[in-house]
Amino acid sequence: MQQLSELKSVDLEEKSESQITEKIKKLGLVREAFAAIQIDMNPVSKKVGDVKYDATLCDHNCTTVLNGEPTGGNYTCPAAISLNKGLNPKDLAPTEKIIQGLKSSLNGILASRPEFFSTIFPLYCIENKIPSHISKIYESILQEETIEVNLFGGSPEIHPGILSIIQDIQSGGHKAHLTTTGKRMMTNPKFLESFLENPSDLLAFGADDFESVEFLKGCFSMSLDDLKDNWKKTPWYQGQRKKAYEAIYITRIAKDNKKFPPILYNLVVHPGNLNEIYEIFDYLTEHAPNVVLNPYPVQTAFFGSESEYNESHLQDLEKLIDTIIAEHIHYANGGQLRWNIVTRVHYWLMLKSVYLNFNNTKERANMIGGENLWTCYKAPGAGRCVQVASSQTKYEEGKDIPGGHLGCFWNSKTVNDNRQIWNMNENEIKNWIFDGRVELGNTAKNPCKGCGFPRMSFDSISLEIGLGDTIRDTYFKLRKEKIGF
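Sequential numbering of the sequence shown, starting at 220, is according to my numbering.
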């Protein structure tokens, strides 16, 4: 593989509009969906003394430590069992409330389109140096009214109404994505059969515990019965390892079953898998051709934590970033991708800009972990992925159903609204999308420091609007050099 500095940029000159459109789509700059919703399906109530708060129910324990002892995990999820003891699944929001709230949210997003195209998008094109022939193509692609709804929150398949909710989203002409663990599918044949009668448009799993090729070889070569037996023998507190078995089990039974939707692996790149990450990608591309890989660096800033990367990790990660950028360029210019990855060249250019802008290990590491990298509340248009999550505030009078708050799953102290989507109309939701989130973020006492979750930054438009100030000039220089504008 050539060094990034030696690679030619994407050729966008003297091409027809259809040829440029194809390249833009190959680079993943704009999605064939106007916006997205990511909803935490599993908030329940939690009592602290006599006061109720929201918490997220999950049937896995994804933490790095338990009672001061390492679990073998590579990150801590706020929904982990050990952090949320005593939660009751009977407290989950009723299916009809979720469907009602999603309809209001979808209508609110669609109602935001005129203002987006008349005000936000033209300003974005000016401020972010988008040539007129490129902006015309962007706008054409964005005319698609489809919205991606990602059903999320630990194990959303726990929710008793999950299949009805998927069907309702699709009946409205939108795409339903299910990001889950696969446990219920693996252990409940009747549920799996019902899911496959009307599956989601995408089925996503966590692949954070794929730490070695040897582990993968074992999981893909042993019988399905042995795979399930290994899963059973894994201690409950090793949630990431149990999720790995579940993801591989479902992937294997889906490989020759055309009823399954496309499968995506959310693959966090962390110190535990960096030294074999190329081999892991190669193995999965060969042995799980039905899977699209969605890699991204481990995020820590939203927690207010320091990055886990040291200098050696950062060097290895930069090589991966360079390789993925080079693969995007090669693919857009007519070549084949080495790996079956989600294409989003802007995301990897953003990460590369951190390296070009900072030499200090700590600064680099923390920014790669999300600190001042990108924020959803920087300006209207940055947050076109609308999250619905829990609230950190105590229950106010009249609140008797948990969850349903516009805001953020990962950091619920910055932009989360006290109202719930099933009690809001489309205009209230539209106003929150453009103005409410920005106002809450800019007035928060301790605002979220940012994140690098690719789903949150959505596409190049949202990413560039929310891009951190310290890397903006470097990013645009790199974008010009590598993708031609």
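For glycine and all other residues, C-beta sits at the position ideal for the given N, C-alpha and C.
Rounded to whole angstroms, the separation of the alpha carbons of residue 676 and residue 238 is 26 Å. In the pairwise beta carbon analysis, the region 552–562 is classified as not touching the region 690–700: fewer than three pairs are separated by under 8 Å.
Taking the CA atoms as reference points, residue 378 sits about 11 Å from residue 259. Restricting attention to 403, 657 and 599, the CA atom closest to the CA of residue 343 is found in 599. Around the CB of residue 455, fewer than 16 other CB atoms lie within 10 Å, so the residue is classed as exposed.
Taking 9 Å as the cut-off, the Cβ atoms of residue 516 and residue 587 count as close. With a threshold of 16 other beta carbon atoms within 10 Å, residue 688 falls short and is exposed.
Counting along the chain, no alpha helix (DSSP H) covers residue 513; the unbroken beta strand (DSSP E) around it starts and ends at 510–516. Between residue 660 and residue 596 the beta-carbon gap is near 3 Å, inside 8 Å, which marks them as a contact. With distances taken between CA atoms, residue 634 lies nearest to 609 out of 470, 609, 323 and 509.
Taking the C-beta atoms as reference points, residue 276 is found no nearer than 9 Å to residue 401. Less than 9 Å separates the beta-carbon of residue 565 from that of residue 246.
In the structure shown, residue 528 falls within a coil segment according to DSSP collapsed to helix, strand and coil.
Cα atoms of residue 615 and residue 645: separation of roughly 22 Å, rounded to the nearest angstrom. Apart from the 5 residues on each side of it in sequence, residue 592 sits with its Cβ closer than 6 Å to the Cβ of 586, 669, 671 and 687 in its chain, given in chain order. For the set 235, 279, 457 and 558, the Cα lying nearest the Cα of residue 303 is the one of 279. No Cβ-Cβ contact shorter than 9 Å links residue 602 with residue 703.
In the three-state scheme derived from DSSP, where H, G and I count as helix and E and B as strand, residue 271 is classed as strand. From the listed residues 433, 462, 436 and 478, the smallest Cα separation to residue 419 is found for 478.
Rounded to whole angstroms, residue 536 and residue 257 show a C-alpha spacing of 28 Å. For residue 449, the three-state secondary structure derived from DSSP is helix. Taking residue 508 as reference, the option from 530, 284, 524 and 484 with the minimal CA-CA separation is 484. Of all alpha-carbon atoms in 627, 590 and 612, the one lying nearest the alpha-carbon of residue 605 is that of 627. Taking a contact to require three or more Cβ pairs closer than 8 Å, the region 539–549 and the region 559–578 qualify as touching. For the pair residue 284 and residue 294, the Cα-to-Cα distance works out to about 9 Å.
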